[in-house]
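Let me begin by presenting the structure, written as structure tokens, before commenting on it.
Protein chains: 2
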Amino acid sequence: MSEDLTYRRSGVDVEAADRLVARISGLAAATHGPEVEPGPAAFAGLYRLPGGDLLAATCDGVGTKLLIAREAGRFEGIGRDLVAMNVNDLLPVGARPLFFLDYVAAGALEAEPVAAVVAGAAAACREVGCALLGGETAEMPGLYGPGDLDVAGFAVGLVDQQRRPDPAGPRPGDRVMALPSSGIHANGLSLARAALLDRAGLRLDEHVPELGRALADELLEPTALYPGPVLEAPPGRIGALAHVTGGGLAGRGRAMLPEGLRMHLDPGRWTRPPIFGLIEGAGPVSGAEMAATFNLGLGFLAVVDPAAAPAWEGSGWLPVGEVRPGERGVSLDG
Amino acid sequence: MSEDLTYRRSGVDVEAADRLVARISGLAAATHGPEVEPGPAAFAGLYRLPGGDLLAATCDGVGTKLLIAREAGRFEGIGRDLVAMNVNDLLPVGARPLFFLDYVAAGALEAEPVAAVVAGAAAACREVGCALLGGETAEMPGLYGPGDLDVAGFAVGLVDQQRRPDPAGPRPGDRVMALPSSGIHANGLSLARAALLDRAGLRLDEHVPELGRALADELLEPTALYPGPVLEAPPGRIGALAHVTGGGLAGRGRAMLPEGLRMHLDPGRWTRPPIFGLIEGAGPVSGAEMAATFNLGLGFLAVVDPAAAPAWEGSGWLPVGEVRPGERGVSLDG
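Protein sequence lines, in the order shown, are assigned to chains A and B. Note that the first sequence covers residues 0 to 333 in numbering that gives the first Met the number 0. Note that the second sequence covers residues 0 to 333 in numbering that gives the first Met the number 0.
As structure tokens, then:
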């Protein structure tokens, strides 16, 4: 019987990456003057302009979702993913997206894939009211092979103090509200590929009854865009906000909390998309590893004052749990 | 006898890339509201904040200079190149760099190359007074091979109206002032590799008498950082500014001019680094192709009022030519 599949066995060493990120953070901190404000570093950097405005900036790619796009020959969704991964990361610091830039590199600038990525990015930018301000298309024969490409995105937003979480953070009794994900988004694809393609032997073009569509269609479903529902959420004290990406629901939930508080999520309160059960069974992947890698159906989390929760629910947010005293972390137990 | 080597024959199709960029520009323009200001698109995008500040943003990589860094196993200079390629692009719109973000992607996050890139970037950021505000290190097994990596950078600056070129552009009789390059910078490396490695059969670790050092040392010399001399240049009307990158001295010079004006540069006024003669002879590469690909020793150009030119010269700028009525373009004839 084969061992459980983990993110690390799929080729991604999260702990080594964390050590490297800590080292890099030290190098970056040495360049920071008083204009740089501390913030939840996982999401966006914060820079105070001389005139007083506070800018937020993010940088992100779409990871190995690109490999699936390449095998399926479909790139338009990738541009949307790229915008989503970046503008969604602006929201936890209360920033409204202003502009976005993209980097697209390939061995040969095949017009169709590159134009598809940019067209998808432009459509997503329009949808969230953000300007596609520029970018770079780099042709690098010898670095990328035929059909290979990589993409990276950068977004800048303006912080709205009214939308910024309370620096004091979550309190016991705060409610956890969430927005559904549109599927796997652009995180954990290496583990998903290892489980579904390598271990279960599925093909990307294969119709999967549990999904009701081809595997490629499911895995390439673009990441949801959250600026609308987050920026238009009802007023009320916000303890913390999180875009559920690397580290999954468990990792991102934990990062929202101070020591001594625990987030209890009730899995009965939302629908877990069937792709996650498929991955879990195909690996097999443990429940803990699933929660530490994937969004499990919740793409964005907000910890809000109990008094504000009913209005948030009325605006389409799902009430999925509560913050209680306990060991810092996330329980999927209600 | 072999044909002359061109950038296109080295694997880079500049015209196809230009067509693609035009298509992408149309997609991007559809996302632009009144906040986006027109500007010299080759360099930086311009965005007006609600409070009135004008931001400039750039996105660039270092191209196939990475392949040379990989073969030589030396990455620290690449971080400096990445910062330079971006912050130098802010200067032609009169913007002072505020912050920079980097994207580093690899098949496996080998700590040393990634940390070397970031250390080089951090040192360059400190030197130009710019914060390294964040970034992304992406581990993508299956997309990048062992030892492969790619980098992209993104810089945001604040436009200083006093340093912004006159929107009316250059006038006949304006002087062309320049800053020396530190070598090949990060442009035209595909052509340089094709000429020097493939055609002339040189090795990267080979000592080249004309260069007085190993070929890798010359090709990996980091791009000069121009924020200091450009932002501290003496007052006076500026007709246009250019960072000499893709398109070379001829292409970037031409882009500074309106129809009916020609830039006459006197090659006797500056020292052309010997690397360019080596490439020209090894290809062989025509003089026109050399000028349309490389900086030829001038990394930054300013077209300034004749009355201001002596003060610029006193500040270390080289007086290299003049703008005169004629066919739009650049002559290397004095």
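For each residue, glycine too, the CB sits at the ideal point set by N, CA and C.
Buried versus exposed call for residue i [16 or more other C-beta atoms within 10 Å across all chains shown]
i, result
"A/R192", "buried"
"A/G315", "exposed"
"A/H206", "exposed"
"A/M0", "A caution first: A/M0 carries a pLDDT of 41, below 50, which makes its placement in the model unreliable, though a value can still be read off. Classification for A/M0: exposed."
"B/G119", "buried"
"A/D3", "exposed"
"A/P234", "exposed"
"B/G76", "buried"
"B/R261", "buried"
"B/A68", "buried"
"B/G328", "exposed"
"B/P166", "exposed"
"B/E217", "buried"
"A/R212", "exposed"
"A/G368", "Any answer about residue 368 of chain A is impossible in this case: the structure gives chain A only from 0 up to 333."
"B/P37", "exposed"
"A/G187", "buried"
"A/P33", "exposed"
Pairwise C-alpha distance: residue j and residue i
i, j, result
"A/V284", "A/R271", "16 angstroms"
"B/G44", "B/V86", "13 angstroms"
"A/L190", "A/I183", "11 angstroms"
"A/P91", "B/P318", "51 angstroms"
"A/T222", "A/G78", "10 angstroms"
"B/P140", "A/P208", "29 angstroms"
"B/L65", "A/L264", "46 angstroms"
"B/A83", "A/R236", "43 angstroms"
"A/I278", "A/A194", "6 angstroms"
"B/D204", "B/E220", "14 angstroms"
"A/V303", "B/R47", "33 angstroms"
"A/A291", "A/G246", "5 angstroms"
"B/L53", "B/R202", "47 angstroms"
"B/P273", "B/A105", "34 angstroms"
"B/D159", "B/V229", "12 angstroms"
"A/A249", "A/A122", "31 angstroms"
"A/G156", "A/G200", "43 angstroms"
"A/P96", "B/V35", "14 angstroms"
"B/L214", "A/R73", "41 angstroms"
"A/E126", "A/P226", "9 angstroms"
"B/G267", "B/F98", "38 angstroms"
"B/A241", "B/R251", "7 angstroms"
"B/W269", "B/M176", "11 angstroms"
"B/A15", "A/F153", "25 angstroms"
"B/D173", "B/G282", "35 angstroms"
"A/A28", "B/V150", "20 angstroms"
"B/D332", "B/E321", "11 angstroms"
"A/Y102", "A/G280", "36 angstroms"
"A/R253", "A/V243", "11 angstroms"
"B/V116", "A/L142", "17 angstroms"
Residues that residue i bridges to, as DSSP identifies them
i, result
"A/E321", "A/R174, A/H263"
"B/D101", "B/G134, B/G152"
"A/F299", "A/L178, A/H242"
"B/P140", "B/Y143"
"B/I237", "B/V303"
"B/S330", "B/H263"
"A/G342", "Outside the shown range of chain A (0 to 333) lies residue 342 of chain A, about which nothing can therefore be said."
"A/E36", "A/L45"
"B/A94", "B/V158"
"A/L53", "A/R47"
"B/H206", "B/A213"
"B/C124", "For B/C124, which the question treats as bridged, DSSP gives no partner whatsoever."
Nearest-angstrom Cβ-Cβ length linking residue i and residue j, presumed shorter than 8 angstroms
i, j, result
"B/G168", "B/A239", "6 angstroms"
"A/A56", "B/L295", "Wrong, their Cβ atoms sit about 35 angstroms apart, outside the cutoff."
"B/F299", "B/F275", "Not really, about 17 angstroms apart at Cβ, beyond 8 angstroms."
"A/T30", "B/A301", "Wrong, their Cβ atoms sit about 28 angstroms apart, outside the cutoff."
"A/P344", "A/P171", "A query on residue 344 of chain A cannot be resolved here, the shown segment of chain A reaching from 0 to 333 and no further."
"A/G93", "A/R162", "4 angstroms"
"B/L89", "B/S180", "Not confirmed; about 18 angstroms, so no contact."
"B/L210", "A/V113", "Contact flag wrong, Cβ pair sits at about 36 angstroms."
"B/D375", "B/A185", "No answer is possible for residue 375 of chain B: the residues shown for chain B start at 0 and end at 333."
"B/T5", "B/E312", "With a Cβ gap of about 36 angstroms, B/T5 and B/E312 do not count as contacting."
Looking at C-beta atoms only, is the number of pairs between the segment 307-326 of chain A and the segment 18-38 of chain A that lie closer than 8 angstroms three or more? no
Decide if the segment 47-66 of chain A is in contact with the segment 131-139 of chain B; the criterion is three or more beta carbon pairs, one per stretch, under 8 angstroms apart. yes
Using a Cβ distance threshold of 8 angstroms, determine whether the segment 140-155 of chain B contacts the segment 251-265 of chain B, with at least three qualifying pairs required. no
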